[in-house]
Amino acid sequence: MRQIDVHPVIDNARFSRFHWMVMALCALLLIFDGYDLFIFGVVLPAIMQEWNLTPLEAGALGSYALFGMMFGALLFGTLADRIGRKKGIAICFVLFSTATILNGFASSPSEFGIFRFLAGLGCGGLMPNAVALMNEYAPKRLRSTLVAVMFSGYSLGGMLAAGVGIYMLPRFGWESMFFAAAIPLLLLPLILWKLPESVGFLVRQGRHQQAREVLRKVEPGLVIEAGDQLQMSDAKGQGVAVLELFREGRALRTLCLWLAFFCCLLMVYALSSWLPKLMASAGYSLGSSLSFLLALNFGGMAGAILGGWLGDRFNLGKVMVAFFVAAAVSISLLGFNSPTPVLYGLIFVAGATTIGTQILLYAGAAQFYGLSIRSTGLGWASGIGRNGAIVGPLLGGALMAINLPLQLNFIAFAVPGAIAALAMALFTLSGQRRQVASAALAAAKA
Numbered sequence: 002m003r004q005i006d007v008h009p010v011i012d013n014a015r016f017s018r019f020h021w022m023v024m025a026l027c028a029l030l031l032i033f034d035g036y037d038l039f040i041f042g043v044v045l046p047a048i049m050q051e052w053n054l055t056p057l058e059a060g061a062l063g064s065y066a067l068f069g070m071m072f073g074a075l076l077f078g079t080l081a082d083r084i085g086r087k088k089g090i091a092i093c094f095v096l097f098s099t100a101t102i103l104n105g106f107a108s109s110p111s112e113f114g115i116f117r118f119l120a121g122l123g124c125g126g127l128m129p130n131a132v133a134l135m136n137e138y139a140p141k142r143l144r145s146t147l148v149a150v151m152f153s154g155y156s157l158g159g160m161l162a163a164g165v166g167i168y169m170l171p172r173f174g175w176e177s178m179f180f181a182a183a184i185p186l187l188l189l190p191l192i193l194w195k196l197p198e199s200v201g202f203l204v205r206q207g208r209h210q211q212a213r214e215v216l217r218k219v220e221p222g223l224v225i226e227a228g229d230q231l232q233m234s235d236a237k238g239q240g241v242a243v244l245e246l247f248r249e250g251r252a253l254r255t256l257c258l259w260l261a262f263f264c265c266l267l268m269v270y271a272l273s274s275w276l277p278k279l280m281a282s283a284g285y286s287l288g289s290s291l292s293f294l295l296a297l298n299f300g301g302m303a304g305a306i307l308g309g310w311l312g313d314r315f316n317l318g319k320v321m322v323a324f325f326v327a328a329a330v331s332i333s334l335l336g337f338n339s340p341t342p343v344l345y346g347l348i349f350v351a352g353a354t355t356i357g358t359q360i361l362l363y364a365g366a367a368q369f370y371g372l373s374i375r376s377t378g379l380g381w382a383s384g385i386g387r388n389g390a391i392v393g394p395l396l397g398g399a400l401m402a403i404n405l406p407l408q409l410n411f412i413a414f415a416v417p418g419a420i421a422a423l424a425m426a427l428f429t430l431s432g433q434r435r436q437v438a439s440a441a442l443a444a445a446k447a
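Quick note, the sequence shown lines up with residues 2 to 447 if you use the working numbering.
Right under this line is the structure:
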């Protein structure tokens, strides 16, 4: 009878059809998740006109889903460590798809807000669990890249929302955008059939036969006998206290991650909620305004993939610092008169360094926290970050209500980028210090 450590098997596995399947299914889920989140920015001009909403009321309405996301990330991130990632993901998928369909039937801002809150619960819970599952199965040398490619589905969802909006809004009204969310639910049986459960969860539950079958798919050349015992170095008991995120020297870096998540999500949701409306106010047509949202998400997808590739070759923390600096600069420049190609270029860079960096933050957090606290760590980072997502639309509404010049609106959106760059610089320096201290301690023991 052998003791087989699961981590080296997964870390050193060759990239296979199994990895393609996990990445494709998680990316598909995040396409629907992204569509649901960006849909508000697409329909905002239409519902403001239909319900005579002030900018402040519209900003508050946009924050309902983000309140839901905050609670969803905290609830389902921790719950998935108890019930398994697969069940957590399936519950979240059904919840946000159903609530989004119901949004199409809303006849008042109050009903609309309630359904957006419920949809947010599902969206907020799905993200950290999909990232944790992909991170768990990705070979070590490709981890940042695969998480980033998977998470680019989120940007594709935003592009889909903008594209569908350009076609459907003038023809069928804003309600049709929400009814389209019925289509993804048809894929639920495929997700339940093909999406694997977390191997760490299976080992903790004592379901070793299922864990062996999954490992054979991860590494087809691996021979596992019936009597072999699987073990995981950090597979602790069920349920994880939040205090674990602050133990063993993790406190400062956990707080830096939370601050970076807060600032990054503030920028993402301020831009995704208000970019079409701000551009429409600046004199662009609705179709042009939505095409700016398309450029923002296209940039997000490109930024995530480029950042993931750079993160696997260089230090992921340093890559994020550079991205946040670029975000602050590009968003600041959006408010100034620029030729149209330059404006699209700035929006592309802003998307790459806000939406793209949000995805890199998830990858960085997944690598920072050990397997047994990964869902909890991701859930809490995402949940705290959702406070920034809530502030984003409210900030945009407040700025529009006081009729500030366009330049000052965008400069206000850019300030969090500078703060996030400082937070990630501190996170990276702290990590390097701990590595040096650990190496010195190991050398002293030797």
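Built from N, CA and C at the ideal position, the CB exists for glycine as well. These numbers were taken from a predicted model, which means no experiment stands behind them.
Reduced DSSP category for residue 372 - H, G, I as helix; E, B as strand; rest coil = Residue 372 falls in the helix class under three-state DSSP.
inquiry  = Suppose contacts are defined by Cβ-Cβ distances below 8 Å. Is residue 130 in contact with residue 77 by that definition?
reply    = It is a contact, given that the beta carbons lie within the stated cut-off.
message = Just to confirm, is the Cβ distance from residue 459 to residue 276 under 8 Å?
response = For the chain, the structure presents residues 2 to 447; residue 459 sits outside this window and is missing.
request  = State the start and end residues of the unbroken alpha helix (DSSP H) segment that holds residue 38.
outcome  = 18 to 51 is the extent of the alpha helix (DSSP H) around residue 38.
key: Span of the beta strand (DSSP E) around residue 4   = That run of the beta strand (DSSP E) goes 4 to 6.
ask   = Under three-state DSSP, which class holds residue 307?
value = Reduced to three states, the DSSP call for residue 307 is helix.
task = State yes or no: is the C-beta of residue 325 within less than 8 Å of the C-beta of residue 422?
result = In contact: residue 325 and residue 422 (Cβ atoms closer than 8 Å).
query = Does the pairing of the segment 339 to 349 with the segment 439 to 447 give three or more beta-carbon distances under 8 Å?
reply = The segment 339 to 349 vs the segment 439 to 447: no contact.
request  = Tell me whether residue 114 is buried or exposed, calling it buried when 16 or more other Cβ atoms sit within 10 Å of its Cβ.
outcome  = Buried.
message = Applying the 10 Å Cβ sphere with the 16-neighbour rule, what's the burial state of residue 6?
response = Residue 6 comes out exposed.
Euclidean distance between Cα positions of residue 225 and residue 369 = Cα to Cα, residue 225 sits roughly 30 Å from residue 369.
query = Among the residues of its own chain, which have a CB less than 7 Å from the CB of residue 80, if the five just before and after it don't count?
reply = Excluding sequence neighbours, residue 80 sits near 89.
request  = Could you tell me which residues DSSP pairs with residue 462 in its beta bridges?
outcome  = The question about residue 462 has no answer, for the chain in this structure spans 2 to 447.
key: Reduced DSSP category for residue 337 - H, G, I as helix; E, B as strand; rest coil   = Under the three-state reduction of DSSP output, residue 337 falls in the coil class, being neither helix nor strand.
message = Our contact map puts residue 40 next to residue 183 with C-beta atoms below 8 Å; I'd like the distance itself, whole angstroms only.
response = Going by Cβ atoms, the distance from residue 40 to residue 183 rounds to 14 Å, so no, they are not a contact pair.
ask   = Can you round the beta-carbon distance between residue 265 and residue 427 to whole angstroms, since I take them to be within the 8 Å contact cut?
value = At roughly 15 Å, the Cβ-Cβ gap does not stay under 8 Å, so residue 265 and residue 427 are not in contact.
inquiry  = Would you call the segment 360 to 380 in contact with the segment 242 to 250, where contact means no fewer than 3 C-beta pairs closer than 8 Å?
reply    = Output reads yes: the segment 242 to 250 touches the segment 360 to 380.
inquiry  = Spatial neighbours of residue 95 within its chain, please: C-beta separation below 8 Å, excluding the five flanking residues on both sides.
reply    = Sequence-distant Cβ neighbours of residue 95 in its own chain, meaning closer than 8 Å and more than five residues away, are 123, 186 and 189.
query = Beta-carbon separation of residue 261 and residue 425 under 8 Å?
reply = Contact flag set, yes.
request  = Within its chain, find whatever has a CB closer than 7 Å to the CB of residue 55; leave out the 5 residues flanking it on each side and keep chain order.
outcome  = Close CB contacts of residue 55 within its chain, under the 7 Å cut and outside five residues either way in sequence, are with 402 (chain order).
ask   = What did DSSP end up calling residue 414 once you bin it into helix, strand or coil?
value = Under the three-state reduction of DSSP output, residue 414 falls in the helix class.
message = If you reduce the DSSP assignment to three classes, tell me which class residue 104 lands in.
response = In this structure, DSSP gives residue 104 a helical state, which the three-state scheme calls helix.
Backbone CA spacing between residue 274 and residue 319 [nearest angstrom] = For the pair residue 274 and residue 319, the Cα-to-Cα distance works out to about 29 Å.
message = Tell me whether the segment 14 to 32 and the segment 134 to 146 touch, counting them as touching only if at least three CB pairs, one residue from each stretch, are closer than 8 Å.
response = The segment 14 to 32 makes contact with the segment 134 to 146: 3 or more CB pairs, one atom from each, lie closer than 8 Å.
query = Is the segment 56 to 71 in contact with the segment 166 to 182, if contact means three or more CB pairs nearer than 8 Å?
reply = Cβ pair count under 8 Å is below three, so no.
ask   = Quick one, which of 152, 44 and 280 has its alpha-carbon nearest residue 171's?
value = Considering only alpha carbons, the answer is 44.
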